[in-house]
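In full-length UniProt numbering, the protein residues as written are 1 to 96.
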């Protein structure tokens, strides 16, 4: 259920055409921050509106894990990760 007053709901609903969705599925979207603090500053947002992180509970663990894995895959695709020589690289530290 989306909230028409929530910018993140509007983005996840595709109603902000200037926002490029890097990842989209039935449960969440991932897109780059409009004012990124770093080169790879992405936001993962659920399609269901939550007013606060306090609204999440243990039943949301699998969703949060899926979002985390999607962010890792976006930042460090597995094909790229297998070619990385350095164990200190950010991709190595993010790997599962």
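Glycine residues also receive a C-beta, built at the ideal position from the N, C-alpha and C atoms.
From which residue to which residue does the alpha helix (DSSP H) around residue i run?
| i | result |
| --- | --- |
| residue 7 | 7-12 |
| residue 65 | 61-75 |
With respect to the beta strand (DSSP E) encompassing residue i, which residues constitute its N-terminal and C-terminal limits?
| i | result |
| --- | --- |
| residue 2 | No beta strand (DSSP E) holds residue 2; DSSP gives it neither H nor E. |
| residue 45 | 42-46 |
| residue 29 | 28-32 |
| residue 23 | 21-24 |
Among residues of its own chain, excluding the 5 on either side of residue i, which ones have a beta-carbon nearer than 7 Å to its beta-carbon?
| i | result |
| --- | --- |
| residue 71 | 30, 42, 44 |
Rounded to whole angstroms, how far is the Cβ of residue i from the Cβ of residue j, which I believe are closer than 8 Å?
| i | j | result |
| --- | --- | --- |
| residue 49 | residue 6 | 6 Å |
Can you give me the Cβ contacts of residue i inside the same chain, cut-off strictly under 6 Å, excluding the 5 residues immediately before and after it?
| i | result |
| --- | --- |
| residue 67 | 28, 44 |
So that I know if they touch, is there some Cβ in chain D lying closer than 8 Å to that of residue i?
| i | result |
| --- | --- |
| residue 15 | The structure shown contains no chain D, having only a single protein chain. |
Closest to residue i by CA distance: which of the options is it?
| i | options | result |
| --- | --- | --- |
| residue 40 | 2, 12, 74 | 74 |
| residue 34 | 46, 21, 25, 26 | 21 |
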